[in-house]
Amino acid sequence: MAHLDVARIQHDFPILKQEVNGRRLVYLDNAATTQKPRQVIDALVQYYETTNANIHRGIHTLAVRATDQYEAVRGKVAAHIGAANSADVVFTRNTTESINLVARAWGDANVGEGDEIVLSLMEHHSNIVPWQLLARRKGAVLRYADVRDDGTLDLDSLRALVGRRTRLVSVVHMSNVLGTINPVAEIAAMAHAQGALVLVDGAQSAPHVPLDVDTLGCDFFAFSAHKMLGPTGVGVLWAKPGLLETMDPFLGGGEMISVVKPEGSTWAQVPHKFEAGTPNIADVIAFGAALDYLRHLGMEAVREHEKAITAAAIEALTRLPGVTIHGPRNVGIRGGAVSFSVDGIHPHDVSTIVDSYGVAIRAGHHCAQLLMRRLGVPATNRASFYIYNDERDLQTLIEALRQAIKVFTHDSARTAV
Ligand code: C6P
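Counting in this note's numbering, the sequence shown runs from 1 upward without gaps.
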């Protein structure tokens with residue numbers, strides 16, 4: 001795992017210095033949200049101590065400074081995803097809001113009765129429920145592509161669903177449960193051949209893999225700052241050049257208008273048309289520090305580090321008795337969210353026991369109930385890795401799991417007697 005200087009990175013994360021339950025904190029719930037480096041925390045404090053002002057309104061010095069800093073982050077976001085034009089980047093609250101924005105502002109105008117939206121069974125609820133609401137409003141139909149037993153998306157099933165009535169194909173780039181990275185470019189070509197647009201839920205890919213929206217070929221790309229070292233409360237929606245201009249606003253109010261008259265209003269230029277009201281200025285600016293941090297590390301190095309630790313995790317978990325991994329084994333087609341079940345132990349119990357060793361993992365349905373049903377499990381455990389996790393973290397997890405298995409095997413043997 002020589003791709004990143006992990007010891008140095010760990011030093012940047014104040015939260016990792018603490019003990020939890022008397023043990024060194026091992027934070028392996030990065031798919032839920034990542035920790036924040038000192039640089040991001042400092043950016044927040046510095047903004048409030050030196051700059052705080054509302055943006056795009058005042059012409060006083062602080063207002064101009066805040067506006068410049070906020071707008072500069074739009075450019076950093078564009079660079080992170082390989083977008084040519086920062087005006088195609090809209091700030092939202094999170095991935096969920098970005099997808100809802102598309103469902104309302106694009107969906108209401110472009111999806112009608114009997115039209116179809118194609119999703120997959122590995123979607124997060126954020127990429128299901130907004131489309132269910134749209135389908136209910138419009139009388140549209142949702143179709144779900146299957147997931148193969150090996151945790152990859154069944155492309156044949158997807159191909160069979162995409163047709164003349166398809167208006168949108170909306171898929172996750174990297175599954176938050178299986179870790180699977182979907183072949184988005186291939187899916188986009190398939191959808192475009194039928195005249196459908198493509199939304200990619202990049203909540204789990206934007207933090208972990210080098211991105212280029214042109215190469216992905218999608219029309220919309222959505223993600224959250226808090227899963228990539230940034231603060232909570234900031235999301236991104238990117239749209240292909242020209243697309244936002246064709247869409248109606250999502251929310252109405254200040255900031256998003258050009259002229260307001262009693263009989264109606266005209267809209268501000270994009271992206272401001274989609275940023276109604278005072279935005280989350282401080283957190284967007286601190287997100288800029290997170291993007292700087294990742295740029296300095298290099299996303300190629302981030303990806304290589306995660307491939308190495310994920311491969312080691314899969315190997316170590318496979319060797320534990322009674323552990324089943326859900327998702328592909330090949331780290332070339334997957335990221336670092338590793339879900340697993342332990343025979344005879346409820347995921348919540350596993351999580352509670354490893355927590356007593358200072359290890360934070362997630363247990364539950366991971367907001368992916370359709371996938372849980374497809375996997376035939378009510379819930380899973382999930383360890384998810386990031387730039388500050390190392391071999392020692394992995395060994396602590398494995399040791400804690402070994403103890404959990406021992407406790408439960410011992411207990412059930414006692415009960416049987
Ligand atoms: N997944 C997890 O623990 P928000 O909450 O809007 O920032 O992100 C939603 C979201 C959308 N798509 C995918 C693929 C995601 O993983 C998430 C968030 C977290 O897996 C919280 S449920």
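Quick reminder that beta carbons are idealized off the backbone N, C-alpha and C, glycines included.
Asked, Found
"Hey, Val234 and Phe274 are a contact pair by Cβ (cut 8 Å); roughly how many whole angstroms apart?", "Rounded, the Cβ-Cβ distance is 14 Å, inconsistent with contact."
"Please tell me whether Arg23 and Asn110 are closer than 8 Å, where the distance is taken between their beta carbons.", "no"
"Over what stretch of residues does the beta strand (DSSP E) that includes Asn100 continue unbroken?", "Premise fails: Asn100 lies in the alpha helix (DSSP H), 95-101, not in any beta strand (DSSP E)."
"Could you check what DSSP says for Glu113 in three-state terms: helix, strand or coil?", "coil"
"At which residues does the beta strand (DSSP E) containing Ile421 begin and terminate?", "One cannot answer for residue 421 here, as it falls past the ends of the chain, which runs 1 to 417."
"Starting from Asp201 and walking both ways along the beta strand (DSSP E), at which residues does that stretch end?", "197-201"
"Considering only DSSP beta bridges, list what Ala222 is partnered with.", "Asp201, Leu237"
"In the DSSP output, what is Ser384 paired with across the bridge?", "Asp29, Ala337"
"Output needed for Val89: all residues of its chain with C-beta closer than 7 Å, excluding positions within five of it in sequence on either side, in chain order.", "Arg74, Val77, Ala78, Ala83, Val236, Trp238, Pro271"
"Alpha carbon to alpha carbon, what distance is there between Val141 and Met247?", "22 Å"
"Within the 8 Å Cβ cut-off, does Thr92 reach chain C?", "Given the protein chain composition of this structure (a single chain), no chain C is represented."
"At a cut-off of 7 Å, would you count Gln39 as near ligand 1, judging by its Cβ distance to the nearest heavy atom?", "no"
"For Gly22, which three-state DSSP category applies?", "coil"
"I need the DSSP call for Gly332, collapsed to helix, strand or coil.", "helix"
"So is Asn52 buried or exposed if we call it buried at 16+ other beta carbons inside 10 Å?", "exposed"
"Rounded to whole angstroms, what is the Cα-Cα separation between Asp390 and Gly202?", "24 Å"
"Could you name the residues of the same chain whose beta carbon sits closer than 8 Å to that of Ile257, not counting the 5 residues immediately before and after it, in chain order?", "Ser265, Thr266, Trp267, Ala268"
"Could you tell me whether the region 291-298 touches the region 47-62, using the rule of 3 or more Cβ pairs below 8 Å?", "no"
"In terms of residue numbering, what span does the alpha helix (DSSP H) encompassing Tyr47 cover?", "38-50"
"Can you name the start and end residues of the beta strand (DSSP E) that Thr92 belongs to?", "89-92"
"Would you kindly work out how many angstroms separate the C-alpha atoms of Met122 and Thr215, rounded to a whole number?", "22 Å"
"Mind checking whether the beta-carbon of Ser351 lies closer than 7 Å to any heavy atom of ligand 1?", "no"
"Our contact map puts Ala316 next to Ile398 with C-beta atoms below 8 Å; I'd like the distance itself, whole angstroms only.", "5 Å"
"List the DSSP bridge partners of Ser170.", "Leu199"
"Taking 7 Å as the cut-off, is the CB of Asp201 close to at least one heavy atom of ligand 1?", "yes"
"If contacts are defined as beta-carbon pairs under 8 Å, then Val200 and Ala191 qualify, I think. What distance do you get, rounded to the angstrom?", "Between Ala191 and Val200 the Cβ distance is about 11 Å, and since that is not below 8 Å, they are no contact."
"Considering only the alpha carbon of each residue, which of Asp150, Val213, Asn127, Val284 lies closest to Ala225?", "Val284"
"Helix, strand or coil for Arg165? Go by DSSP, reduced to three states.", "coil"
"In whole angstroms, what separates the C-alpha of Ile309 from that of Val338?", "11 Å"
"How is the beta strand (DSSP E) around Tyr144 delimited, first residue to last?", "141-145"
"What three-state label does DSSP hand Val284 in the structure shown?", "helix"
"Could you check whether the Cβ of Gly235 sits closer than 7 Å to any heavy atom belonging to ligand 1?", "yes"
"Please confirm whether Pro279 and Val40 have their CB atoms less than 8 Å apart.", "no"
"When you measure from the CB of Ser423 to every non-hydrogen atom of ligand 1, does any distance come out below 7 Å?", "Past the edges of the chain, shown from 1 to 417, lies residue 423, and the structure says nothing about it."
"So is Val6 buried or exposed if we call it buried at 16+ other beta carbons inside 10 Å?", "buried"
"Let's test the definition: count the other Cβ atoms within 10 Å of the Cβ of Glu49 and tell me whether it reaches 16, buried, or not, exposed.", "exposed"
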